[in-house]
Amino acid sequence: MTEVPDTVVCPGCDAVFSRAPLQRREVSRCARCGTELYRHPGDQHRRILPLTVACLIMFAIANLFPIVEIELQGLRSQTTLAGAVLVLSTEGMSIVALLVLATTLLFPLLQLCILAYLLIPLQREHRPAGFAILVRAMQMLRPWGMIEVFLLGVLVAIVKLSSMATVVAGPALWAFMALTVMLTAVLSFNPNAFWEMTFRPPGEPEEETA
Amino acid sequence: MIGPFRPLEDDEDEAPVPTAASLGLLACPHCDAVWRDAQEGEPCGRCGTHLYTRKPYSLNRTWAFLIAACIMYVPANLLPVMITRTLFGAQYDTILSGVIYFWVSGAYGLAAIIFIASFLVPLFKLTVLILLALLAQRGSGWRRPERAKLYHIIEIIGRWSMLDVFVVSLLAGLVQIQGFAVIHAGVGIAAFGSVVVLTMLASLSFDPRLSWDSRQQQQAEHEREREQPLLDNREEKPA
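So the sequence lines, in the order shown, correspond to chains A and B.
Mind the numbering: the first sequence is residues 56 to 265 in our numbering, read in order.
Mind the numbering: the second sequence is residues -13 to 225 in our numbering, read in order.
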């Protein structure tokens, strides 16, 4: 088994291309099927860690404060994301509760934590333990984090309720909006780049210990 | 995108493009490293992912998820997804009745968003995946670039059908004013959530490269799967 350097295989159609150096902001796409092959990493790896930390803070605000509050005939009711999940699970909808919990809370949080865990040691050019598994986990979690879909869901729910009650947006709603924007930037970072970051720089030893 | 009708198998005689399979290369799906002389199922030398020419049992898995999704699609649309109990009685809403309610009450934009995300997108996904799986199974060369585009589209839009699940969960969590108005999640939403998850799993297990393989390559792949039914356990075999 030998590595073929400077070659890229399209994941969408299996066509083989040779890797060409890219300019900043350039993206290389497969000529046959249009799948994105690789892109110029830019200075994203420097911005990504502060963004990840900011995301974690926003994530805490978004989940600790109520998202919306309704007022109906003088009676108030409010909920956080975890509160909604809890109500669902007590109503016998534990599958739905689990699905919501995983896609809006667990997976995004896990993604952010893994990113932070991987990026902090990489600042000192050091690969943390479990590197390979965690990079792979990042990639597997990718399709399942759905914060942006949840935000649209919150907005739809607010419009739905506005006809029957007074709706007041809670602090978590703004946090969710900020989180969605920042998370999009953070997750546009392709986990594959971790391998480029640790293996590509010239002069670095190929592999320390297996 | 819509051109004159072309018969099936039209593109079969296009110039062959060098592919990893034809050159005997294996590419790692996770870290993009390309290997020569690697065995099927061998771990990637860089990140340890098992390397395969094509995702193992891709079509079988895709079909299994698709059939399950089609079955769940029926209760997802027929059973109530939300139950609203107010002083005036209980109201049972299915996905489409919710859309109709918004349309009638004049919230056209909202009705359109829910209709697209909750009804059209899952239907579109199911249709496209069935089409892609069928054509890939036949080794068809029909409109390959368009099929690749369709696969990209369903990968991007698939997650947005979770919208209704989130709306209902939030409403059920929020509207708990005992005596005045209580909203419960209906069984339909569980079925609906499972359709979304199943179609996502189906599109993840579908290997888009199969769409580009000719019929001969398909058969070779099929033969190999039949010869080695336990690809994942090959290390356990005595040498």
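All residues carry an ideal CB built from backbone N, CA and C; glycine is no exception.
If you measure from the beta carbon of Y93 of chain A to each beta carbon in chain B, is any gap under 9 Å?
In the first sequence, the residue the question calls residue 93 of chain A occupies position 38. In terms of beta-carbon proximity, Y93 of chain A lines the interface with chain B, with at least one pair separated by less than 9 Å.
M68 of chain B - DSSP class collapsed to helix/strand/coil
Against the second sequence, residue 68 of chain B aligns to sequence position 82. DSSP places M68 of chain B in strand when its eight states are reduced to three.
Put T57 of chain A into one of helix, strand or coil per three-state DSSP.
Looking up residue 57 of chain A in the first sequence gives position 2. Strand, per DSSP.
Are the Cβ atoms of A220 of chain A and L127 of chain A separated by less than 9 Å?
Walking along the first sequence from the start, residue 220 of chain A turns up at place 165. Walking along the first sequence from the start, residue 127 of chain A turns up at place 72. Closer than 9 Å, so yes.
H138 of chain B (DSSP reduced to helix, strand or coil):
In the second sequence, residue 138 of chain B corresponds to position 152, counting from 1. Under the three-state reduction of DSSP output, H138 of chain B falls in the helix class.
I'd like to know if K135 of chain B contacts chain A, where contact means its C-beta is closer than 9 Å to some C-beta of that chain.
Within the second sequence, numbered from 1, the residue matching residue 135 of chain B stands at position 149. Put simply, the CB of K135 of chain B is near chain A, with a gap under 9 Å to one of its CB atoms.
Check P198 of chain A in the structure and name its three-state DSSP category.
Position 143 of the first sequence, counting from 1, holds the residue named residue 198 of chain A. In the structure shown, P198 of chain A sits in a helix (DSSP, three-state: H, G or I).
Supposed contact pair M68 of chain B and I169 of chain B - C-beta distance, whole angstroms, cut 8 Å
Counted from its first residue, the second sequence places residue 169 of chain B at position 183. Counted from its first residue, the second sequence places residue 68 of chain B at position 82. The pair is a contact, with the Cβ atoms about 6 Å apart (cut-off 8 Å).
C-alpha distance - P66 of chain A paired with A230 of chain A, whole-angstrom precision
Against the first sequence, residue 66 of chain A aligns to sequence position 11. Against the first sequence, residue 230 of chain A aligns to sequence position 175. Roughly 36 Å between the two C-alpha positions.
Quick one: is I125 of chain A buried, meaning 16 or more other Cβ sit within 10 Å of its Cβ, or exposed?
Working through the first sequence from its first residue, we reach residue 125 of chain A at position 70. Buried.
Leaving out the 5 sequence neighbours to the left and right, which residues in its chain are closer than 7 Å to P198 of chain A when beta-carbon positions are compared?
Working through the first sequence from its first residue, we reach residue 198 of chain A at position 143. Closer than 7 Å at the Cβ level, and outside the excluded window around P198 of chain A, lies no residue.
Cβ contact (3+ pairs, closer than 8 Å) linking the segment 169 to 186 of chain B and the segment 70 to 86 of chain B
Contact between the segment 169 to 186 of chain B and the segment 70 to 86 of chain B is present, because at least three Cβ pairs lie under 8 Å.
Using a C-beta to C-beta distance shorter than 9 Å, which residues of chain A count as neighbours of Q162 of chain B?
Here the question's residue 162 of chain B lines up with position 176 in the second sequence. When 9 Å is used as the limit between beta carbons, Q162 of chain B is near these residues of chain A: S132, T134 and V142, in chain order.
Just the Cα atoms here: how many angstroms apart are I112 of chain A and R124 of chain B?
As a position in the first sequence, residue 112 of chain A is number 57, starting the count at 1. As a position in the second sequence, residue 124 of chain B is number 138, starting the count at 1. Using only the alpha carbons, I get a separation of about 51 Å.
I need the straight-line Cα distance from Y172 of chain A to R179 of chain A, nearest angstrom please.
In the first sequence, residue 172 of chain A corresponds to position 117, counting from 1. In the first sequence, residue 179 of chain A corresponds to position 124, counting from 1. Between Y172 of chain A and R179 of chain A, the C-alpha separation is close to 13 Å.
Just grab the DSSP bridge partners of Q77 of chain B for me.
Taking the first residue of the second sequence as position 1, residue 77 of chain B is located at position 91. Bridge partners of Q77 of chain B: B:T70.
Roughly how many whole angstroms lie between the Cα atoms of P96 of chain A and A109 of chain A?
One-based indexing of the first sequence puts residue 96 of chain A at position 41. One-based indexing of the first sequence puts residue 109 of chain A at position 54. Rounded to whole angstroms, P96 of chain A to A109 of chain A spans 21 Å at the Cα level.
Distance between beta carbons of L174 of chain A and L234 of chain A, contact taken as under 8 Å
Here the question's residue 234 of chain A lines up with position 179 in the first sequence. Here the question's residue 174 of chain A lines up with position 119 in the first sequence. Between L174 of chain A and L234 of chain A the Cβ distance is about 18 Å, and since that is not below 8 Å, they are no contact.
By the three-class DSSP mapping on this structure, what secondary structure does H100 of chain A have?
Numbered from its first residue, the first sequence carries residue 100 of chain A at position 45. Of the three classes helix, strand and coil, the one that applies to H100 of chain A here is helix, per DSSP.
Give the straight-line distance between the Cα atoms of G147 of chain A and E91 of chain A, rounded to the nearest whole angstrom.
Locating residue 147 of chain A in the first sequence gives position 92, where the first residue counts as 1. Locating residue 91 of chain A in the first sequence gives position 36, where the first residue counts as 1. If I take the Cα positions, the gap works out to 43 Å.
Pull up the DSSP beta-bridge partners for L239 of chain B, would you.
In the structure as shown, chain B begins at -13 and stops at 225. Residue 239 of chain B is therefore absent and cannot be evaluated.
Restricting to Cα atoms, I'd like to know which of B:G165, B:L187 and B:R195 is closest to G75 of chain B.
If you number the second sequence from 1, residue 75 of chain B lands on position 89. Cα-wise, what sits closest to G75 of chain B is B:G165.
At 7 Å on the CB atoms, spell out the chain B contacts of Q194 of chain A, in chain order.
As a working mapping, residue 194 of chain A is identified with position 139 in the first sequence. One finds H16 in chain B with Cβ atoms closer than 7 Å to the Cβ of Q194 of chain A, taken in chain order.
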